[in-house]
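In order, the protein sequences belong to chains A and B. The first sequence runs 1 to 191 under the numbering used here. The second sequence runs 192 to 382 under the numbering used here. The beta-carbon is built from N, C-alpha and C at its ideal position, and this holds for glycine as well. On a predicted model such as this, the values are computed, not experimentally measured, just so you know. Written below as structure tokens is the structure these notes are about.
Protein chains: 2
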Amino acid sequence: MEELKQRIREEGIVIDSNILKVDRFLNHQIDPGLMKKIAERFAHTFADTGVSKVLTIESSGIAPALMTGLALNVPVLFARKKKPSTLNEDSLVTNIQSYTKSTNNLVYLEKIMLSADDRILIVDDFLANGEASLGLTRLVEMAGATVAGVCIVIEKSFQLGRSRLDHAGYPVYSLARISSLANNKITFLDD
Amino acid sequence: MEELKQRIREEGIVIDSNILKVDRFLNHQIDPGLMKKIAERFAHTFADTGVSKVLTIESSGIAPALMTGLALNVPVLFARKKKPSTLNEDSLVTNIQSYTKSTNNLVYLEKIMLSADDRILIVDDFLANGEASLGLTRLVEMAGATVAGVCIVIEKSFQLGRSRLDHAGYPVYSLARISSLANNKITFLDD
Numbered sequence: 001m002e003e004l005k006q007r008i009r010e011e012g013i014v015i016d017s018n019i020l021k022v023d024r025f026l027n028h029q030i031d032p033g034l035m036k037k038i039a040e041r042f043a044h045t046f047a048d049t050g051v052s053k054v055l056t057i058e059s060s061g062i063a064p065a066l067m068t069g070l071a072l073n074v075p076v077l078f079a080r081k082k083k084p085s086t087l088n089e090d091s092l093v094t095n096i097q098s099y100t101k102s103t104n105n106l107v108y109l110e111k112i113m114l115s116a117d118d119r120i121l122i123v124d125d126f127l128a129n130g131e132a133s134l135g136l137t138r139l140v141e142m143a144g145a146t147v148a149g150v151c152i153v154i155e156k157s158f159q160l161g162r163s164r165l166d167h168a169g170y171p172v173y174s175l176a177r178i179s180s181l182a183n184n185k186i187t188f189l190d191d
Numbered sequence: 192m193e194e195l196k197q198r199i200r201e202e203g204i205v206i207d208s209n210i211l212k213v214d215r216f217l218n219h220q221i222d223p224g225l226m227k228k229i230a231e232r233f234a235h236t237f238a239d240t241g242v243s244k245v246l247t248i249e250s251s252g253i254a255p256a257l258m259t260g261l262a263l264n265v266p267v268l269f270a271r272k273k274k275p276s277t278l279n280e281d282s283l284v285t286n287i288q289s290y291t292k293s294t295n296n297l298v299y300l301e302k303i304m305l306s307a308d309d310r311i312l313i314v315d316d317f318l319a320n321g322e323a324s325l326g327l328t329r330l331v332e333m334a335g336a337t338v339a340g341v342c343i344v345i346e347k348s349f350q351l352g353r354s355r356l357d358h359a360g361y362p363v364y365s366l367a368r369i370s371s372l373a374n375n376k377i378t379f380l381d382d
């Protein structure tokens with residue numbers, strides 16, 4: 001998606017060869033118009049796959065997921081990183097490792113929110129080593145539901161996530177694929 | 192907003208006389224179409240007040256805030272409950288107490304995201320004792336910017352938040368005002 005790549009070029013900040021900061025339009029400040037365009041691409045790509053719900057994880061995934069749900073006219077679910085006081089005891093739980101933060105997090109989803117006939121489109125802001133996306137696929141499969149696909153705003157193609165998701169057989173659609181952040185320079189796979 | 196009140200009546204679960212669970216359409220599963228209608232009310236109400244940005248706090252505020260930013264065609268900012276590894280050192284920080292969770296949380300906003308000529312519309316899912324909303328007003332004022340108003344999806348009018356915000360002089364617009372959750376019954380202020 002050329003407009004997204006242009007925004008990454010103009011406003012992305014390379015923190016180190018693994019971390020790209022895009023908090024001017026994606027994960028601290030959000031550009032709602034850009035999110036809408038991103039979501040329309042996601043929705044168009046998976047339009048004929050019978051998606052019944054969109055699933056993401058708090059917090060930065062919520063914006064693109066919400067707009068995708070709006071475009072597909074289906075509900076949006078976000079997995080919780082903390083167990084809220086109001087969460088039902090009957091919940092699906094999995095562990096997600098964060099490489100950037102070197103932490104392990106249990107993430108929660110109320111069991112009642114997914115049923116076996118659901119076809120779930122997973123949406124997230126970043127794909128790095130795939131821990132978050134794979135964690136979400138586990139929650140879907142614990143409920144006996146089906147993963148329709150995985151939509152990613154920015155894929156760091158030099159990390160393991162993409163190949164792990166491909167290998168697991170999930171259809172992956174990424175709007176900007178970055179092949180390298182080395183030497184403080186953002187290079188896209190199709191440059 | 193009658194449609195919202197109807198959804199609260201049908202899908203809201205009273206946990207105790209202070210806590211209402213609305214995770215079927217607002218803060219676990221989200222109804223994107225309802226969020227859009229909610230946001231259009233917010234945007235319409237503050238249309239002529241020169242709003243330059245929408246501000247919320249992760250995670251449940253993001254959905255109504257994002258749709259409000261889309262309707263007003265302005266960026267959306269969300270304050271962070273954890274300091275992200277990519278957050279600039281130069282940040283605005285305030286402490287927000289959570290009555291439901293009995294915790295204190297520092298929340299963060301990058302200083303560079305707000306300027307003195309910004310007029311900020313604060314959007315949040317719930318108004319209880321006003322800690323979150325008042326914390327967001329403090330962040331806005333630390334930056335020398337102006338609070339244009341506070342938009343709330345569900346106000347628990349029997350708690351202190353509304354009167355604290357009114358007393359501080361902020362225009363508050365709440366779409367559903369709940370006067371009581373006593374005896375496992377949801378009563379609205381205008382019932």
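Bridge pairing for T328(B): absent [DSSP]. Taken through DSSP and simplified to helix, strand or coil, E249(B) comes out as coil. Comparing C-alpha distances from F25(A) to each of S17(A), N105(A), E10(A) shows the shortest one belongs to E10(A). Under a criterion of Cβ atoms nearer than 7 Å, no residue of chain B is adjacent to V51(A); the nearest Cβ is some 13 Å distant. With a cut-off of 8 Å on Cβ pairs, the segment 287-302 of chain B is in contact with the segment 255-275 of chain B, counting three or more such pairs. With respect to the C-alpha of H167(A), the residue from D124(A), I30(A), G130(A), G33(A) having the closest C-alpha is G130(A). Between V205(B) and I377(B), the gap from beta carbon to beta carbon is short of 8 Å.
Per DSSP, the beta bridge partners of L283(B) are L300(B).
Across the set G224(B), I210(B), H219(B), S243(B), the C-alpha of G224(B) shows the shortest separation from the C-alpha of L195(B).
Ranked by Cα distance from V22(A), the options M35(A), R7(A), K36(A) are led by R7(A). Boundaries for G241(B): no beta strand (DSSP E) harbours it, and the DSSP string shows neither H nor E there.
With fewer than three CB-CB distances shorter than 8 Å, the segment 347-364 of chain B does not count as touching the segment 153-165 of chain A.
The three-state secondary structure of L114(A), taken from DSSP, is coil. Sequence-distant Cβ neighbours of K37(A) in its own chain, meaning closer than 6 Å and more than five residues away, do not exist here. Against L283(B), chain A offers no close residue; the least beta-carbon distance is about 12 Å (beta-carbon pairs closer than 9 Å). At a cut-off of 8 Å between C-beta atoms, E231(B) does not count as an interface residue with respect to chain A. At the C-beta level, S133(A) and L127(A) come within 8 Å of one another.
With a threshold of 8 Å between beta carbons, I253(B) makes contact with chain A. Linking S276(B) to A238(B) through their CA atoms gives a straight-line distance of about 36 Å. In this structure, the beta-carbon distance from V147(A) to Y170(A) falls below 8 Å. The beta carbons of A116(A) and A71(A) sit about 25 Å from each other, so the pair does not count as a contact at 8 Å.
Straight across, the Cα-Cα distance linking P255(B) with I210(B) is about 20 Å. In the DSSP assignment, Y173(A) is bridged to C151(A).
Residue pairing by DSSP puts V76(A) in a beta bridge opposite V54(A), I221(B).
For P223(B), the nearest beta carbon of chain A is closer than 8 Å to its own beta carbon. Within chain A, no C-beta atom comes less than 7 Å from the C-beta of R200(B); the nearest is roughly 18 Å away. The beta carbon of S180(A) sits closer than 7 Å to the beta carbons of F158, T187 from its chain, once the five residues preceding and following it are set aside; these are given in chain order. Cβ-Cβ separation between N218(B) and D315(B): approximately 11 Å, too far for a contact (criterion under 8 Å). Assignment of N18(A) by DSSP, reduced to helix, strand and coil, places it in the coil class. Listed in chain order, the positions of the segment 355-368 of chain B with a beta carbon within less than 7 Å of a beta carbon of chain A would be empty, since no residue qualifies. If you look at L380(B), you'll find it isn't in any alpha helix (DSSP H); DSSP assigns it neither H nor E. Within the model, the alpha-carbon separation for S289(B) versus N295(B) is close to 6 Å.
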